[in-house]
Amino acid sequence: MSIDINSPEPLVSVIIPTYNRQHYLKQAIESAIGQKYQNIEIIVSDDCSPESPQALIDSFQDSRIKFYRNPKNLGICQNVVNGFKQARGKYVASLNDDDMWNEDFLTTLVPPLEANPDLALAFSDYYIMDPEGKINHPATEDDTRRWKRDRLEEGIYQPFYELGIVHQAVFLAVATVMRTDAINWDDVSPEAGLFWDLYMTYLACRTGRGAYYHPGKLTRYRVHTQSETMISGKSNVQAKIRTGKAGIFCYEQFKEDEKLQEFRPFFQQKWVQANTTLGIGLMRAGEIAAARPYFFRALQQKKLDLRTIAALMLSYTPKTIASRF
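Oh and the sequence shown: position 173 is 173 in my numbering, straight run, nothing missing.
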């Protein structure tokens with residue numbers, strides 16, 4: 001199948017960033033191809049996986065799929081942005097390589113954007129699924145409550161600073177369709193790292209445009225041991241360091257933004273947490289001297305943060321003990 005340039009439906013560019021997960025990537029692509037909304041292009045951006053997914057891409061025999069492979073590993077943020085920069089559609093939608101869309105995802109979220117040019121994006125709720133693709137209903141409901149989507153009515157929110165970057169109800173990585181011109185892709189700093197989707201939401205908020213929410217669960221987010229979210233704990237020190245650095249960058253931007261001063265205390269607290277996270281990551285990596293300044297920075301802003309105090313105290317114990325925190 002090819003892109004229909006004469007279609008009355010606007011072109012939607014589906015961005016699938018991938019790295020070394022072909023067994024899940026196949027399912028993600030299938031869910032994009034299976035959309036009832038057919039005027040799409042699918043851009044697969046591979047971040048120099050050890051084994052190229054080129055053969056998998058070719059097996060679909062679908063000319064709407066465009067494949068790009070970085071000559072070297074750039075990291076999640078730059079890989080995603082490279083994909084967005086290739087987009088030709090009026091709208092863009094990110095789909096993680098380990099997640100899936102329901103067949104009515106695009107047919108549900110594109111029409112509100114077409115009807116209201118003052119919207120930057122449209123988003124929905126989503127299911128949580130396990131590594132095998134089975135929906136976890138209790139986890140799904142917990143996630144909906146955690147990000148306060150259970151409090152949202154269907155409709156337009158303008159502005160959407162609070163629900164977008166305080167409550168973080170907008171999951172841009174897998175459950176959002178956005179206008180391609182909503183943000184300047186060059187404004188997405190590589191320092192946003194694995195928080196790239198939160199940072200893009202922030203940039204979209206700043207335009208003054210609105211967001212449309214649909215309460216249906218239109219996508220499926222996979223939770224598994226190899227996701228960046230899961231490995232950023234004790235099992236992967238470098239992932240924790242990446243998490244801390246990304247958080248520091250994002251929340252530093254947010255708390256200094258004049259448009260967001262009513263939320264500054266919240267962003268300040270998240271910034272403190274990010275500094276402590278980075279310090280703990282460095283301490284686990286054995287870089288004790290490099291870790292301590294982040295603990296001190298955090299305590300300058302919140303003197304009685306128990307997590308930070310405990311980490312700082314442990315940093316003065318023998319390295320073999322401190323690295324186990």
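Glycine is no exception: its CB is placed at the ideal position from the N, C-alpha and C atoms.
Q: Starting from H214, trace the beta strand (DSSP E) both ways and give me its first and last residue.
A: It spans 210-222 - the beta strand (DSSP E) in which H214 sits, taken as one unbroken run.
Q: Have a look at P17 and D62 and give me their C-alpha separation to the nearest angstrom.
A: 18 Å
Q: Classify A291 as helix, strand or coil using the three-state DSSP reduction.
A: In the three-state scheme derived from DSSP, where H, G and I count as helix and E and B as strand, A291 is classed as helix.
(Q) Looking at the strands, I want to know which residues DSSP matches up with Y157. (A) Y157 has A211 as its beta-bridge partners, per DSSP.
Q) Got a sec, what are the start and stop residues for the beta strand (DSSP E) R69 sits in? A) First-last of the beta strand (DSSP E) with R69: 65-69.
(Q) Let's see if you can read the secondary structure: which residues bound the alpha helix (DSSP H) around I29? (A) I29 -> alpha helix (DSSP H) spans 22-33.
Q: Using only alpha-carbon positions, find the residue among R307, M200, D104 that is nearest to F254.
A: M200
Q. Ordered along the chain, which non-local residues of its own chain (more than five positions away) have a Cβ less than 6 Å from that of T308?
A. Once the five neighbours on either side are set aside, the close Cβ partners of T308 are T276, F295, A298, L299.
Q: Note down the Cα distance separating T243 from F195, rounded to an integer number of angstroms.
A: In a straight line, the C-alpha of T243 is about 8 Å away from that of F195.
**Q.** Nearest candidate by alpha-carbon position, reference N116, set R149, E132, R179
**A.** R179
Q) Taking DSSP as the reference, what is the three-state secondary structure of A173? A) Here A173 sits in coil by DSSP.
Q: Rank E154, H137, I29 by C-alpha distance to the C-alpha of W101 and give the top, closest one.
A: Among E154, H137, I29, the Cα nearest to that of W101 belongs to I29.
Q) With a CB to CB cut of under 7 Å and the five nearest residues on each side skipped, what residues in its chain are close to A192? A) Apart from the 5 residues on each side of it in sequence, A192 sits with its Cβ closer than 7 Å to the Cβ of C77, Y199, A246, F249, C250 in its chain, given in chain order.
Q. Which class does D125 belong to by DSSP, given the choice of helix, strand or coil?
A. strand
Q) Which residues in the same chain as N326 place their Cβ atom closer than 8 Å to its Cβ, once the five residues preceding and following it in sequence are excluded? A) No answer is possible for residue 326: the residues shown for the chain start at 1 and end at 325.
Q: Could you tell me whether the segment 79-96 touches the segment 172-187, where touching means 3 or more Cβ pairs closer than 8 Å?
A: yes
Q) Exposed or buried, what is D125 when buried is set at 16 or more other beta-carbons lying within 10 Å of its beta-carbon? A) The C-beta of D125 has 16 or more other C-beta atoms within 10 Å across all chains shown, which makes the residue buried.
Q. So is S13 buried or exposed if we call it buried at 16+ other beta carbons inside 10 Å?
A. When all chains shown are included, S13 counts as buried.
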